[in-house]
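Asker: Residue numbers (our numbering): 133 to 396. From the three backbone atoms N, C-alpha and C, an ideal C-beta is built for every residue, glycine too. Values in this document were obtained by computation on a predicted structure and should not be read as measured data. Below you'll find the structure I mean.
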Amino acid sequence: MSGTQDRWSDLAPRVISAVVMVAVGGAAISAGGHVFAALAVVATGLMMWELARMTRDAGHDASILLGLLAAAVLALNLWVPMAWVLPLLLLPPLIGVIAPRRDAGAFAAYALVIMATGWALVALRGSAGMVPLLWLLAVVIASDVMGYFAGRILGGPKFWPKVSPKKTWSGTIAGWIGAALVGLGFWAMGQGSAALIWVSPLVALAGQMGDIAESAIKRRAGIKDSSNLIPGHGGLMDRFDALAFAAILAVVLVPVLRLFPAAG
133 MSGTQDRWSD LAPRVISAVV MVAVGGAAIS AGGHVFAALA VVATGLMMWE
183 LARMTRDAGH DASILLGLLA AAVLALNLWV PMAWVLPLLL LPPLIGVIAP
233 RRDAGAFAAY ALVIMATGWA LVALRGSAGM VPLLWLLAVV IASDVMGYFA
283 GRILGGPKFW PKVSPKKTWS GTIAGWIGAA LVGLGFWAMG QGSAALIWVS
333 PLVALAGQMG DIAESAIKRR AGIKDSSNLI PGHGGLMDRF DALAFAAILA
383 VVLVPVLRLF PAAG
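See the structure below:
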């Protein structure tokens, strides 16, 4: 009995935190414009802070400064959209490796992902409207929820035990199925093309790879969560690692495959 309770012990805080995040994120997505951009800037700065903390060397902590730099550079890109500003997104990854740091390569790569994610989410909302962003979030959430329950109920072989010991093949495949159902639903409602049915699992797979990438960084750092900002979820990176990789893929596929009608 105690084993069953332990298995679901984190469900309540996860659900409560998820409801709050959905409410805040939903309001910002609906508002769009500067409101959504401001949320993306704050989230980007906090994730950069978390990443810098996880990979810092003893006695060398520039985490807060790197977080502020990431937020400032993204804000500059969003509110001063000029060609010369875009390369500034590289500053946090480059400056972050100047100080002594564990896994400098991993930091630089993931820091670049964080900057690209903040930019991609705002670009997706601004150029394609609200529906593609809602689809993206639904894919990531469905994949995560289906994977969570299938992994705990069905169990079975591990997907990548050396990097992410809790992730199972049953949960991974269930996540793909959940994503495909989301794509089917958007197509059935006339909110996108039929290609969403097969593109959605690809986006979910990208999200799962993002989850695994962050898990690898945490395992090398010897920590369980990126921070304790979100009860039941750890830090922002723990919650949005999947969204990061998924958003970067989506911002490419949405216009190339014309998955949604052009925003009016």
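(1) In terms of residues, what are the limits of the beta strand (DSSP E) holding Phe392?
(2) To which residues of the same chain is Gly157 closer than 8 Å at the C-beta, ignoring the five residues directly before and after it?
(3) Compare the beta carbon distance of Met247 and Leu221 with 8 Å and say whether it is the shorter of the two.
(4) DSSP state of Gly261, grouped into three classes?
(5) Once the 5 residues before and after Leu198 are set aside, which same chain residues still bring their CB inside 6 Å of it?
(6) Does Asp401 come out as helix, strand or coil in the three-state DSSP assignment?
(7) Using CA atoms only, rank isn't needed, just tell me which of Gln323, Gly342 and Ala311 is closest to Ile380.
(8) So the candidates are Val272, Thr300 and Trp292; which of them puts its Cα closest to the Cα of Ile285?
(9) Among Val386, Arg257, Gln340 and Val383, which has the Cα closest to the Cα of Gly279?
(10) Suppose the cutoff is 6 Å on Cβ atoms and the five residues either side in sequence are ignored; what does the same chain contact list for Thr187 look like?
(11) If distances are taken between C-alpha atoms only, which option among Ile329, Val272, Gly288 and Gly317 comes closest to Asp373?
(12) Using the Cα positions of Val151 and Ala215, report the straight-line distance between them to the nearest angstrom.
(13) Return the CA-CA distance between Trp330 and Val174, expressed in angstroms with no decimal places.
(14) Please go through the same chain and pick out, in chain order, the residues whose beta-carbon is closer than 8 Å to the beta-carbon of Leu266, but skip the five residues on each side of it.
(15) Between the stretch 304 to 312 and the stretch 345 to 354, can you find at least three pairs of beta-carbon atoms closer than 8 Å?
(16) Looking at the structure shown, is Trp216 part of a helix, part of a strand, or coil, going by DSSP?
(17) Taking the DSSP output, what are the residues bridged to Leu366?
(18) Compute the Euclidean distance between the alpha carbons of Leu201 and Leu210, then round it to the nearest angstrom.
(19) Measure the CB-CB distance between Ala320 and Val335 and report whether it falls below 8 Å.
(20) Only counting the same chain, and skipping five residues up and downstream in sequence, which positions put a Cβ closer than 6 Å to that of Phe318?
(21) Measure the alpha-carbon distance for Leu391 versus Gly258 and round it to whole angstroms.
(22) Per DSSP, Arg234 is paired with what?
Answerer: If we stick to the structure as given:
(1) From DSSP, Phe392 is part of no beta strand (DSSP E); its letter is neither H nor E.
(2) Short of 8 Å from the beta carbon of Gly157, and not among the five residues preceding or following it, lie these beta carbons of its own chain, in chain order: Leu171 and Leu269.
(3) Met247 is a Cβ neighbour of Leu221, given a cutoff of 8 Å.
(4) Reduced to three states, the DSSP call for Gly261 is coil.
(5) Hits under 6 Å: Met180, Ala184, Pro224 and Gly228.
(6) Nothing in the structure corresponds to residue 401, since the chain is present only between 133 and 396.
(7) Among Gln323, Gly342 and Ala311, the Cα nearest to that of Ile380 is on Gly342.
(8) Cα-wise, what sits closest to Ile285 is Thr300.
(9) For Gly279, the closest C-alpha among the options Val386, Arg257, Gln340 and Val383 is that of Gln340.
(10) So the list reads Arg233, Arg234, Asp235 and Phe239, once near-sequence residues are dropped.
(11) Minimum Cα distance to Asp373 is reached at Val272.
(12) If I take the Cα positions, the gap works out to 38 Å.
(13) So the alpha carbons of these two residues sit roughly 32 Å apart.
(14) Counting only Cβ-Cβ distances below 8 Å, and skipping sequence neighbours, we find Ile161.
(15) No contact exists between the stretch 345 to 354 and the stretch 304 to 312.
(16) Trp216 falls in the coil class under three-state DSSP.
(17) Leu is not the amino acid found at residue 366; the sequence shown has Gly there. Looking at the DSSP assignment, Gly366 forms a beta bridge with Ile362.
(18) Cα to Cα, the separation comes out at about 14 Å.
(19) Not closer than 8 Å, so no.
(20) For Phe318, same chain residues with a beta-carbon under 6 Å away, outside a window of 5 residues either side, are Trp267, Gly324 and Leu328 in chain order.
(21) Answer to the nearest angstrom: the Cα atoms are 16 Å apart.
(22) Its beta-bridge partners do not exist; DSSP assigns none.
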